[in-house]
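Engineer:
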Amino acid sequence: MFLLDSGTIVYSASDLSAAAGCEWALMRRLDARLGRIDPIAETADAMLERTAELGDAHELRMLTRLRETRQVVEIQRPALAEIDSAVRASAAALTGGAEVVFQAAFFDGRFLGYADFIIRSDDGPTYEVYDTKLARKAKITALLQLAAYSDQLERMGIPTGEQVHLLLGDGRTSSHRLRDILPVYRTRRARLERLVDERLADTAPTEWGDPRYTACGRCDVCDDQVQRHRDVLLVANLRLSQRAKLRAAGVATIEELAAVLGPVPGLSDATLHTLSEQARLQITPAGADRPVNWEVINPLALSALPAPDAGDIFFDFEGDPLYQEDAGGRAPGLAGVVWGLDYLFGLVEPDDTFRSFWAHSHAEECRALVEFLDYVRERRERHPGMHIYHYAPYERTHLLTLAARHGVGEDAVDGLLRDHVLVDLYPVVRQGLRIGSRSYSLKKLEPLYMGGDEREGVANAADSIAEYVRSRELLADGDEAAAAAVLADIARYNAYDCRSTRRLRDWLLERAAESAMPAAAPAEPAFDLPVREPDPVYLELAALLAAVAPADRSADETALALAAAAIDYHRREQKSFWWDHYSRLGSPVDEWADTRDVLVVDTATVRTGWHREGRQLLDRRVLRLSGALAPGSSLKVGQKPFLLYDPPYPPIRPSAEPGARTAHDKVTIVEVIDESVFLVEEILERDAPTHHELPIALTPGTPPPAGSQVGAISEWGRAVLDAWPEPLPDAAFDLLRRRPPRLLAGPGSAPDGGAPVGYSPVGYSPVGYPPGGYPPVGDPPDGGAEPGLARPRDGDVKSAILGSLLRLDRSYLAVQGPPGTGKTYLGSRVIADLVVNHGWTVGVVAQSHAAVENMLRAVLAAGAEVGLAPDRVGKKAKKGEETRPVPWAVLDTKTFGAFTGRPGGWVVGGTAWDFSNADRLPRGSLDLLVVDEAGQFSLASTIAAAVSAERLLLLGDPQQLPQVSQGTHPEPVDESALGWLSDGHRVLPAEYGYFLATSRRMHPAVCAPVSTLSYEGMLLSHPSDRSLAGVEPGLHPLPVSHSANATSSVEEAEEVVVLVVDLLGRPWTSAGVTAPLAQDDVIVVAPYNAQVELIRSRLKAAGLGLVPVGTVDRFQGREAAVAIVSLAASAAEDVPRGLEFLLLANRLNVAISRAQWAAWLVYSPALTESLPTSVEVLTQLSAFITLVTPAAPRTAR
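Per this note's numbering, the sequence shown starts with residue 73, numbered consecutively.
#1: Flag this pair as yes or no: are the beta carbons of A990 and A803 separated by less than 8 Å?
#2: Do Y257 and L216 come within 8 Å of each other at the CB atom, strictly closer than that value?
#3: For Q39, report the span of its alpha helix (DSSP H) as first-last.
#4: How many Å lie between L272 and L1243 at the Cα?
#5: Give me the Cβ distance between L1011 and A615, rounded to the nearest whole Å; I'm assuming they're in contact under 8 Å.
#6: Write down the C-beta distance between V917 and A984 rounded to the nearest angstrom, noting that I regard them as a contact closer than 8 Å.
#7: Please classify P703: is it buried, with 16 or more other beta-carbons within 10 angstroms of its beta-carbon, or exposed?
#8: Opposite Q235 in the DSSP bridges: which residues?
#9: Give me, in chain order, the residues of the same chain whose beta-carbon lies closer than 6 Å to that of P111; leave out the 5 immediate sequence neighbours on both sides.
#10: Is the distance from the Cβ of V1129 to the Cβ of V1194 below 8 Å?
#11: Determine the DSSP secondary structure at R263, reduced to helix, strand or coil.
#12: Got a sec, what are the start and stop residues for the alpha helix (DSSP H) Q1252 sits in?
#13: Write down the C-beta distance between Q494 and I460 rounded to the nearest angstrom, noting that I regard them as a contact closer than 8 Å.
#14: Which residue marks the beginning of the alpha helix (DSSP H) containing I326, and which one marks its end?
#15: Leaving out the 5 sequence neighbours to the left and right, which residues in its chain are closer than 7 Å to S536 when beta-carbon positions are compared?
#16: Give the single residue among A116, L254, R227 and S659 whose Cα lies nearest to the Cα of V236.
#17: Give me, in chain order, the residues of the same chain whose beta-carbon lies closer than 6 Å to that of V1197; leave out the 5 immediate sequence neighbours on both sides.
#18: What three-state label does DSSP hand W960 in the structure shown?
#19: CB W682 to CB T762, shorter than 8 Å?
#20: Do A1062 and L1091 count as a contact pair if the criterion is CB distance below 8 Å?
#21: Counting only the same chain and skipping the five closest in sequence on each side, list residues whose C-beta sits under 8 Å from that of W978.
#22: With three or more C-beta pairs closer than 8 Å as the rule, is the segment 571–578 touching the segment 507–519?
#23: Buried or exposed: which applies to V1145, given that a residue is buried once 16 or more other Cβ atoms fall within 10 Å of its Cβ?
#24: Give the secondary structure of R137 by DSSP, where H, G and I count as helix, E and B as strand, and everything else as coil.
#25: From what residue to what residue does the alpha helix (DSSP H) around E349 run?
#26: Under the three-state reduction of DSSP, which class applies to R1209: helix, strand or coil?
#27: Can you tell me which of R758, R668 and H736 puts its alpha carbon nearest to the alpha carbon of D691?
#28: Looking at the unbroken beta strand (DSSP E) that takes in I81, where does it start and where does it end?
#29: Report the rounded CA-to-CA distance for P775 versus R133, giving the unit in angstroms.
#30: Roughly how many angstroms separate the alpha carbons of A1116 and R1209, rounded to a whole number?
#31: Please state whether DSSP places L707 in a helix, a strand or coil.
#32: What is the DSSP secondary structure of H1275, reduced to helix, strand or coil?
#33: Excluding the five sequence neighbours on either side, which residues of its own chain have a C-beta within less than 7 Å of the C-beta of R49, listed in chain order?
#34: Whole angstroms are fine: how far does the CA of R284 sit from the CA of L184?
#35: Taking C-alpha atoms, which residue in G93, P1095, I369 and A85 lies nearest to T1245?
#36: Near L862, which residues of its chain fall below 6 Å by C-beta distance, leaving aside the five closest residues on each side in sequence?
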C-alpha cells in the first residue's frame, strides 16, 4: 500500500493476499504508513527470501520459453510517477493484438497491479491471464490475484476469456474458470476498500481486539500484541474460534482464563477446564528446581509407554520442501518438476550411536528409504520388541509419503504402523502431562530433561534447511571441505534431536514410575486388522503403466490405471478405515470430532444395567448417549459403531498405543430418539467382568466386508489384462475409457454418407449447436457400428433411450436426471418395456436397499400398464426384513436361482454384493443392469456389479448428494460412475447419453438459480398451474446477522418460525386443486442436527409441530410447495467441517430443489465475506454468492 498526494490509499493484489492472511496486521501497517504508530520492523525470513528467488527464476524460465515461440511485448516496471504511461503502453499492446504481454500494468485509481503474462487465445481475440507461482498447487491468494487482473481487463474493455491460469512450480498449468473466482474476489476487494476507508476516516490507530478486523494471532505483528495484552492466545493449544467464545464471555487475558469459574457458551465444561488449567500452570512462577512447570494429569497415558528394549531407536527427519528436481533427476525445467527432499534420515540407538542415511537427490532419497527400512527390518529380527520413537507425526506421515512417491517399501511401512512399532511421544505428552509453556514443541520441553547439554550451531529446522542449501552451493563451487563441514553441523543438530527424543522417553518413564502405575504389557493390536496382500492382477496391471507418467497416459492407459486401482479398492478402503480408527484412539477429540458419523458424548446414562435375558450367555446393557453429532452424519438403528473409552479403561480390549483410548466393537444402535440422542446396546465378551465406565464417543464401525465384489473385480481385471493392449470390449471398460457408447447399426443411425444423428438435451437446444443437438464424439467401433445416439422426437425421451439401449454393443448408456425431471418415472417405464416387449432380463442395483426398492415399486406401477406380472419382479430381502410384506417376489438363497432361471423377461433388484456373486447371477447373464443413483455409486462398485450384465444403464445425478469413500486411492475409482463420465462438467457431456433438462417440480423462478448453481444454466422448468397467493415464486435469500454461532442459530430459527406462520393458510393451488397451505406443504432443511432440533422445538412451541424439519439427507426425493433452508453458522471460522460442507453445491441443490413454488435461504451475511481455504471452497463460495443474487428465470420452450 502507498499514499498518493491526493490522500488516496493505493493497494495491490499482494495487499489483498495480506488481508486474506491477517487484516489486523495490514491495518497496523497502514497506521504506520499514515504516521500514527512507529514503523513496524519486518523480521528477516531466509525461507521467504529463497522462495522469492526461486519464483523469479521460474518466471524467467517461462518468459524465455514464450520469447522463443510467441511475440512478447514486455512492459518495464515503472517508477511511481510513470505508472500512467505503463498503463497506457499495456492497453495499447492489448488493443493492438499482441500475442503476449509481460508485466502488463493496471491502475484504476485505487488498485495497482502487474500481471505476469496476458496471453491471447489461439482461437479468438480474447485474452487470458497467466501467473507464475512457485507452489505445487493452486492457492487461493494466487487465484484472487488472477481474478484481479482479469477484472481490470474487463474494466478496460479488453475481451476476456473464461479461464485464468497458474503456471505452477512443478511445471503444470492449473486452469480455473473465472466465474468460480470473480464473485469472491469482488467481495474481498469491496471489504478491503471498506476497511481502508474506515482507517482513513479514523484518527487514532487501530487497537488490538478491534472486532472489525480478523487477526491471525500468529504473525509477528499479532504476536507482539498478544504478549503486550496478555491475550488468551498465550495459552498453549488454544484456537482462534475458542478465543472468540471466551472474549464473548468477557474472558480476554490468560489471567482471566486461569481464574474463570462459570460456563462459557460454545465451550464444553471439559474443554474450558483444560484451557483454564493450562493457563493457570503457565502463569504460575517456576521454581528453582523446575525450569518449566509441569504436572501429571493422566498417569495411565505415561504407564502405557512400552518397556525399553535394546533394539529401540529414536528417529528424526531433516527435509527441504523447496528442493526441485525433474522426473529424470536433472535441474528443474518447465515440466515434470518434483518438489521436496528428505535429505537426512537420522537415528540414535540406546548406546548413543548415531546413524545417518543421507540423500542429495530423489534417487538417493529412494535408496536411503530402502536402506533405512532394511536396517529396521534386520533390527526387528534381532529385537522383536523394539520401537521407533519420534516426536509429532512428521516421521510417520513422511515414511508413508516417501513410500508412495518412490513406489518402494509401502508394505514395510504399513507393517510398522500395523504392528505399532512407531511410537509418537507427542500425544503421550499431551494426554499424560500439563506443561507450563506456551508451546509443547520438543525444544520447549528440553529444559525438563536435557540439563546443561545445550544446542550448538544449527538451532532449528529452518536453520537446518538454510545450511543444507548453503552446503549444496559450496559443493557446486567446488569447496567440498566446507560443504562437508556444513553437513556435519546439520548431522550434529539432527543427532541432538534424536537424543532429545530418547531422553524425553526416559524422563516420561521416570514420571510413570513415580505414579506407581503398573507398567504396560507389550502392545498388541486391539483388533485384528484385515491384512491382505495386493492382488497379483493389480500388480501386473500396475506394472504395465510403471513407465508412463499419469499426464502422458492415453485414454486406454487411464482406463487401465483405473482398472488396477479398482482391484485394490477394497483393500485400501479397509486400510484407510483402520488408520483413521487408530488415529481417533490416540488423537485429541477436537481433531476428529467433526468426522462423519462421530458422536462426541456430552451425556451418557445407563438406561438398562448389565443383564442377561432368557438363554443369553453374554452380559449386556443399554446406554443413552447424547451429544454433538458430526455434520453430514446418518446413524440408523441396527448399525454397529465403536464406543470409545478414556482411561481408566473398562475391562474390555486393551489399548494398542501408549496413552491411547480403548474401543469396544460389540455395540448396536437400538433406537434413534432424535438427531443427537441414541440408545445403544453394549455386549461384553464371554466371562468379561462388568464395569461402570461410560464412553466418551461413538465412532464409525467396521466397514462391511466386500465379499464377492473383490473376486468379481479381480476376475474382470484378469480379462482386461488378457485383452491388453486391445481394450476389453465391455461396458465397464468403455465407462473407464470415457468412450461414447458403442452401438450396433440400426434404427436411428445416420443415412449413408450423412452425419451421425446426435441428440438434444430434452427441451433445450444449446447455443452454438444446430437444432439437431450435440454432435456425437468418438470413432465407430469395428464392424461399422454407428456411434450416434437416438434423438428424442416430439419429446419422446423414453423411445430414444429404448432405441439406444437396443443398439448397445456390450456398452453403457448414461442418463442424468436433475430434481423433478422424472428420472425414476422414465427409468421404470424403460425397464418395463424391455422386459415385456423384448424379453430382457434386467437387474436394478443401487447404493441402498431403499433406492432399489423405490425403483422396483415404480417398475411395478409402470408394468401394470403394459402387462408385467408382479411375480416377474424379485429381490432378496434385506437382513432382518424377511417377513416385511412387499409387492414383489421375495427371494432367498434357495429361490434366487429358480427365479433367474425362468425363460422370458424379468427384473431382479439387489446390491453390488448380489450382482457380483456368480452363485446368484452367472457372469454376463443379464441383458441389462440398471445402476440407479449412479451419481452416488462408485466406479469400483459399478465394475463389481457390471460383471453380471452385457449392458449398463446409468441413471442418476452427480450434482445431488455425493457418495462417501473411506480411503485414499491412486486413481479416482471412488468417484461415482456418472461423476467420472461428467469429468467436472455439471451437465453430462452429450456423447455419453441423455440429460433430462425439464423439471416438472420447480417453478421457473426456483429452477433458474438451481440451474445456474448446478446445471450450467441448462435445466429448465415445465410450465404448471401452481400458485401460492401473495407469495412471489422463486428463491428468496434472507440474510440474518448473528455471530459466534456454529451449528445452531436462535436468530435464524426465529426467522423460520415467522416465515412459516406467515405462509400457512394462504391459498395453494396445485393440479387444479386449491386449499390452504398446510404444515406438511412446507419443509425446513438445516445442515446441522443442532439447528434441526432448535427449529423443531421453536415450531412446536408455536403450535407448528407438524412442519417437517430435517437435514438434507432426509428430504432427498421429497418435494413441497415451500422449502426453507437455514444454514445456522455465523461465519467461516465457526463452521464445523468447514465451508466445504456447509456450502457444498450438491447439498444446496438438493435443499432448494425440494420447492415447487418458493424457497427461502436463511443465512448469515458474514459467510459471503469468508476467505476460502481451498480451490473447491472458492468455487463453492463464488457459487453461493451468485446464488444469493438471483438471476431472471428461464422457461422451457
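Glycine included, C-beta positions come from ideal geometry on N, C-alpha and C.
Structural biologist: By the coordinates alone:
#1: Not closer than 8 Å, so no.
#2: Against a cut-off of 8 Å, the Cβ pair of Y257 and L216 comes out as a contact.
#3: Missing from the structure shown is residue 39; the chain here goes from 73 to 1269 and no further.
#4: Within the model, the alpha-carbon separation for L272 versus L1243 is close to 24 Å.
#5: Not really, about 21 Å apart at Cβ, beyond 8 Å.
#6: With 8 Å as the limit, V917 and A984 qualify as a contact, their Cβ atoms being about 6 Å apart.
#7: A residue is called buried when at least 16 other Cβ atoms come within 10 angstroms of its Cβ; P703 meets this threshold and is buried.
#8: DSSP output for Q235 lists R249 as bridge partner(s).
#9: Answer for P111: A104, listed in chain order.
#10: No.
#11: The answer is helix: DSSP assigns R263 an H, G or I state.
#12: Where Q1252 is concerned, the enclosing alpha helix (DSSP H) stretches over V1247 to L1259.
#13: In the sequence as displayed, the identity of residue 494 is Leu instead of Gln. The Cβ separation is near 5 Å, so the contact holds.
#14: Judged by DSSP secondary structure, I326 falls within the alpha helix (DSSP H) whose first and last residues are I326 to A331.
#15: So the list reads E390, V530, I562 and Y565, once near-sequence residues are dropped.
#16: For the set A116, L254, R227 and S659, the Cα lying nearest the Cα of V236 is the one of L254.
#17: Around V1197: V1157, A1223 and L1233.
#18: Here W960 sits in coil by DSSP.
#19: Yes, the pair counts as a contact, with Cβ atoms nearer than the cut-off.
#20: Their beta carbons are not under 8 Å apart, which means L1091 does not touch A1062 by this criterion.
#21: V907, T913, V914, R944, V945, G946, F971 and T972, listed in sequence order.
#22: Judged by Cβ distances under 8 Å, the segment 507–519 makes contact with the segment 571–578, as three or more pairs qualify.
#23: It is exposed - the Cβ of V1145 has fewer than 16 other Cβ atoms within 10 Å.
#24: Correct three-state label for R137: helix.
#25: It spans D341 to I355 - the alpha helix (DSSP H) in which E349 sits, taken as one unbroken run.
#26: R1209 falls in the coil class under three-state DSSP.
#27: Answer by Cα proximity: R758.
#28: From DSSP, the beta strand (DSSP E) with I81 extends over I81 to S84.
#29: A straight line joining the alpha-carbon of P775 with that of R133 spans about 50 Å.
#30: Cα to Cα, the separation comes out at about 16 Å.
#31: L707 falls in the coil class under three-state DSSP.
#32: No answer is possible for residue 1275: the residues shown for the chain start at 73 and end at 1269.
#33: Since the first residue of the chain shown is 73 and the last is 1269, residue 49 is not available in this structure.
#34: Their backbone Cα atoms lie some 25 Å apart in a straight line.
#35: Considering only alpha carbons, the answer is G93.
#36: Contrary to the premise, residue 862 reads as Ala rather than Leu in this sequence. So the qualifying residues of the chain are G820, A872, G875 and S876.
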